[in-house]
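Read top to bottom, the protein sequences are chains A and B.
Residue numbering for the first sequence is 1023 to 1368, as defined by the working numbering.
Residue numbering for the second sequence is 1023 to 1368, as defined by the working numbering.
To start, the structure under review is shown below, and the notes come after it.
Protein chains: 2
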Amino acid sequence: MENRRFVLASRPDGLPRPENFRLESGPVPTPADGQILVRNVYLGVDPGLRPALADAHTGDEVDDEFEPIPLGELVGYFDAGIVERSRHPGFAPGDWVTGMLKWQEYGVLDGAAARKLPPELPPSTGLGVLGIPGLSAYFGLLELGAAQKGETVLVTSAAGTVGSIAGQIAALRGCRVLGTAGTDEKCRRLREEFGFAAAVNYRTEKNLAAAIRLAAPEGVDVLFDNVGTRMVSDILPLMRPFGRIVACGQIADYGVPPEQLPGLRNTNRFITHRLTLRGLFVHDFAESFPRALAELSEWAGAGLLRCHEDIETGFERLPAAFAQLFTGENAGRKLVKIDERDRDGH
Amino acid sequence: MENRRFVLASRPDGLPRPENFRLESGPVPTPADGQILVRNVYLGVDPGLRPALADAHTGDEVDDEFEPIPLGELVGYFDAGIVERSRHPGFAPGDWVTGMLKWQEYGVLDGAAARKLPPELPPSTGLGVLGIPGLSAYFGLLELGAAQKGETVLVTSAAGTVGSIAGQIAALRGCRVLGTAGTDEKCRRLREEFGFAAAVNYRTEKNLAAAIRLAAPEGVDVLFDNVGTRMVSDILPLMRPFGRIVACGQIADYGVPPEQLPGLRNTNRFITHRLTLRGLFVHDFAESFPRALAELSEWAGAGLLRCHEDIETGFERLPAAFAQLFTGENAGRKLVKIDERDRDGH
């Protein structure tokens, strides 16, 4: 039995392209004691993979999590699949699990690194609301952002997975929620499906700050940012005293040579308004994942927290789906579902 | 009896110049019930006055503390002087006090807005170690920066009042302290008089980041910044995981048109290294001032915490002394002492 996998063929120069990845195949791995063999079904396509495709970011030591992936090595992030063989007492064949299985058809996980998905929810939820995106939204908004009832929360790239979940959690917690997105259709979805009070199309609004000010005349308490430098520069002058900025992602900055980035402006606002900016790395909160997952599951089970899924079918679609993340074409949680006929060689 | 005072004559265009201020004179004010009349002796010359001389910073609502001073109005900040008349039970003639008396020879303070200075220390200490600079250093370093024993602390503009005090407190708390300053003489003073482990001359070092890295090969845990955008951009790649940046001042940015500021670069470091940036406004900690002043007084009394004073004599020197703050010519706490002969009309 063959196991197909995507490896890094070349480092992206600017926006990632499908040619940066190469399809290879090898044997299906064998689980050791304490491990499980998982047959992937939903493969995650995540912007967070982008920094790991680059050369070292600043030429100096970085954390292991941000080490660049070597050329020729397997790429990917978290996936959801079905246990095929278990050598761990906590898992049985047929269980749905999620873990960092990466872009391959079959993968092996240590039991401690796998998480069983609740059978009452669709398994793809494990890559959205109950996955790293949901956890990032949860801890970013509530811990780093410390969003309080009655405050105004602005989410950038709000139609994205993390953004839409962060906005919904903020609304559930009694905040007034605003978002930015790149199409009128995404803005409509934010307002009509996700409970945002207002949404701004950053592509068509000539003056982003003015449009946001119109929607939030009293300013912004929490900025949950997924986009990066240029948009945060525009929003800083709208931040209220003691406002918090959560740096969750910088999708507009990834792959741009540092000297071409605009630089963060209006930083005097940090002093005049006593702002706090903090960078989010969700795995720092791993000890609290069970508590968060319990609350997220409750909301998801009650239909209060959803995530728009954008699912393509066919393992070989992974590189193209990933490249689309950076052009604003996708909307919501991007997943690739493995086509069973394809896997069986039909 | 005349009371001379400086008012704002024009808003600085770029660096402040002495001509931006105008000498006027009027009657000595009369204290109401609960107030005291103070004869100023040491007048403070503070970079923190600069933002209040500008037009509204961003064209939108700001806190009262940062409202621009109207043209023709009295300017200044905290001073130290002697009580001449008291209509408050807590003060008697002859007491040394500090308060926001501004650039005038005589001023009136509410009792609650005046602070008596400890008689065992020189009264000018009330404008340095025991004044707003000392309190800014204390709360910036220990509360916002949360500097811990054994950590590496980098202070920019470290030969300045706040910077030198922050560095000494960090050393007293068991941190390894590095600083930047603009002359070799200031760097020598940081090492030999203020207990800094290393000091970097930012004017003569071609590559600031490389020079700091040489002094701190393992990186920086706390950056106490008094300078602003460009220098922080250079230092960000040196910050260690979970590092804290205290934005205390932006002396290099004041008066520069926003579109000419370089913009903060290397902001990806916030996410990869989970950094926190917070703006300091010391008056937010007013409730804790007594506790801080007790500790600062103890250190100052024991000779463990000092501040280099740069004192000019003559009330009329105030505008020129203020302008010098922005050219790097001064070193340490800039004060103007009122010449008694001058005040008496000799």
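Note that beta-carbon positions come from the ideal geometry of N, C-alpha and C, so glycine has one too.
Computed from a predicted model, the values in this text were never measured in an experiment.
Of all residues in the region 1293-1322 of chain A, only I1293, T1294, H1295, R1296, L1297, T1298, L1299, R1300, G1301, L1302, F1303 and D1306 place a beta-carbon less than 8 Å from a beta-carbon of chain B. In this structure, the beta-carbon distance from L1065(A) to V1304(A) does not fall below 8 Å.
Residues of chain B with a Cβ closer than 7 Å to the Cβ of L1283(A) are, in chain order, R1287. Annotated as proximal: F1307(A) and E1165(A), with beta-carbon spacing under 8 Å.
Taking a contact to require three or more Cβ pairs closer than 8 Å, the region 1216-1235 of chain A and the region 1251-1267 of chain A qualify as touching. Distance between E1309(A) and R1033(B), taken at the CA atoms: about 54 Å.
The beta carbon of Q1346(A) sits closer than 6 Å to those of N1352, all from its chain and outside the five residues before and after it, given in chain order. For T1298(B), the closest alpha carbon among the candidates A1269(B), A1314(B) and L1315(B) is that of A1269(B).
Where E1106(B) is concerned, the enclosing beta strand (DSSP E) starts and stops at D1101 to S1108. Listed along the chain, the chain A residues whose CB falls inside 8 Å of the CB of A1188(B) amount to none; the nearest CB is some 15 Å away. Remark: fewer than three beta-carbon pairs, one from each stretch, lie closer than 8 Å, so the region 1136-1154 of chain A and the region 1203-1216 of chain A are not flagged as touching. Within the same chain, S1255 and L1258 come within 8 Å of R1287(A) by CB-CB distance, once the 5 residues on both sides are set aside. Buried is the label assigned to K1208(A), since at least 16 other Cβ atoms lie within 10 Å of its Cβ. Sixteen is the threshold: when 16 or more other Cβ atoms of the shown chains lie within 10 Å of the Cβ of R1296(A), as they do, the residue is buried. Judged by beta-carbon spacing, G1036(B) lies within the 8 Å limit of G1277(B), meaning their Cβ atoms are closer than that value. Three or more beta-carbon pairs drawn from the region 1050-1069 of chain A and the region 1101-1108 of chain A are found closer than 8 Å, and the two stretches are therefore classed as touching. K1208(A) carries a helical assignment under DSSP once its states are collapsed to helix, strand and coil.
Here Y1160(A) carries a helix assignment [DSSP, helix/strand/coil].
Residue-level contact by beta carbon holds for D1275(A) and chain B, with a gap shorter than 8 Å. The C-beta of N1290(B) comes closer than 8 Å to at least one C-beta of chain A. Following the DSSP letters along the chain, one finds W1118(A) in no alpha helix (DSSP H) but inside the beta strand (DSSP E) bounded by residues W1118 to G1121. Within 10 angstroms of the beta-carbon of S1319(A) lie 16 or more other beta-carbons, which makes it buried. Secondary structure remark: continuous alpha helix (DSSP H) runs of at least 4 residues inside the region 1286-1312 of chain A, in chain order: 1290-1294. Between the alpha carbons of E1024(B) and P1280(B) lies a gap of roughly 41 Å. For T1251(B), the chain A residues whose C-beta falls within less than 7 Å of its own C-beta are T1289, listed in chain order. Per DSSP, reduced to three states, the secondary structure at S1179(A) is coil, with no helix or strand assignment. Taking a C-beta distance under 8 Å as the contact criterion, R1026(A) and F1337(A) qualify as a contact pair. Residue-level contact by beta carbon holds for Q1272(B) and chain A, with a gap shorter than 8 Å.
Under the DSSP assignment, F1344(B) falls outside any beta strand (DSSP E), being part of the alpha helix (DSSP H) whose first and last residues are L1340 to Q1346. Note that the C-beta distance between P1069(B) and D1077(B) is not below 8 Å. The beta carbon of L1326(B) lies closer than 8 Å to those of Q1190 and L1194 in the same chain, with the five residues before and after it left out. Here D1243(A) carries a strand assignment [DSSP, helix/strand/coil]. A direct Cα-to-Cα measurement between L1200(A) and V1222(A) gives close to 8 Å. Closer than 9 Å at the C-beta level to chain A, one finds these residues of the region 1259-1271 of chain B: P1259, L1260, P1263, F1264, I1267, A1269, C1270 and G1271. Between P1280(A) and chain B, the shortest Cβ-Cβ separation is below 8 Å. Annotation for M1261(A): no alpha helix (DSSP H) segment contains it, though the beta strand (DSSP E) segment containing it runs M1261 to A1269.
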